[in-house]
Structure formats: structure tokens, C-alpha cells
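Engineer: Each number in the working numbering corresponds to the 1-based position in the sequence shown with 33 added.
Just so you know, even glycine gets a beta-carbon here, dropped at the ideal spot from N, CA and C.
Following this message is one structure expressed as C-alpha cells.
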Amino acid sequence: MSGLRVALRWVLAVFFIVAGANHFRSPQVYLGMMPPWLPWPDAMNAISGAAEVLGGVGLIVPWVGRRLAGWGLLALLLAIFPANLHVAMQGKMPGFNFSSTVLWWRLPFQAVFMAWVWWVALAKPRQD
């Protein structure tokens, strides 16, 4: 595996671990992002935070299963998209002073994160 791929796997793992831990440290931010039609916001916040931490750990601890972590993180990124869309449509993100434009620009980055997860956890290295 290339050095770049390993380095980017570690960066992504740290990102998910820190973001997941933040669900428990500052739950009000994430609870404020959730669309009102979602049931059990406290449980959803805890589940998504735990999934981010476990997914991040899974990217860097081989016996946990990098491929399983990759599939789980892809599913998580799809699952949280409605909350990100909700924030963009509201024009505000709790705890932050982002412009509406920034909130809309965040949406395509879900696809970037998904491609990143795919490349570091699921894609087979090319044999050139």
C-alpha cells in the first residue's frame, strides 16, 4: 500500500475518532442539526458518534476489520446526509457562525469523504 494511502487513512481515522467523540462532548451541536422528523435524537446522536469512533478505529486497527469499517463509514455518511441537508436548508449550524453558502458547500464534501473512505479502506491497490 502506498505511503500516501496509509497517511490519508490515518488522517481520516483521526478525523472520525475526534468527530465521533465530539458527539458526546458537545451533543447540542449535533442535536441541533437533526431534522425534526427523525425519532429519538439523543439515541441517534449517540449511535452516530459511536459509529464514527468505531469506524475510525477500524481504519487503523487491522484486527477490527478495515473493510467492515469502510462499509460502515460509507453507510454512516449516507445516513447523516439528511442532517447536513437540513442544516443547509435552515441556513445555520448550531454552535457555529457559518454562512449559508458554506453550509451548502458542505454537502458535496460528503461525496469526497465517501470517495476517501473507499480509497483507503475498500479499493484494491493497483498492481502496475
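In three-state terms, what does DSSP make of F131?
Structural biologist: Correct three-state label for F131: coil.
Engineer: So F49 and L106 are in contact, right, with Cβ under 8 Å, and what is the actual spacing, rounded?
Structural biologist: With 8 Å as the limit, F49 and L106 qualify as a contact, their Cβ atoms being about 7 Å apart.
Engineer: Leaving aside the five residues before and after W137 along the sequence, list all residues of the same chain whose C-beta is less than 8 Å from its C-beta, in chain order.
Structural biologist: Counting only Cβ-Cβ distances below 8 Å, and skipping sequence neighbours, we find A121.
Engineer: Roughly how many whole angstroms lie between the Cα atoms of M147 and L87?
Structural biologist: If you take the alpha carbons of M147 and L87, they lie about 16 Å apart.
Engineer: Have a look at P72 and V39 and give me their C-alpha separation to the nearest angstrom.
Structural biologist: Each residue's alpha carbon lies about 38 Å from the other.
Engineer: Return the Cβ separation of L224 and V153 in integer angstroms, given the expectation that the two are a contact with Cβ distance under 8 Å.
Structural biologist: For residue 224 there is no data in the structure shown, the boundaries of the chain being 34 and 161.
Engineer: Going by CA-CA distance only, name the one from R100, A54, S81 and S59 that's closest to F129.
Structural biologist: Of the listed residues, the one whose Cα sits closest to F129 is S59.
Engineer: With the cut-off set at 9 Å, would you say G89 and G36 are in Cβ contact?
Structural biologist: In this structure, G36 does not lie closer than 9 Å to G89 by Cβ.
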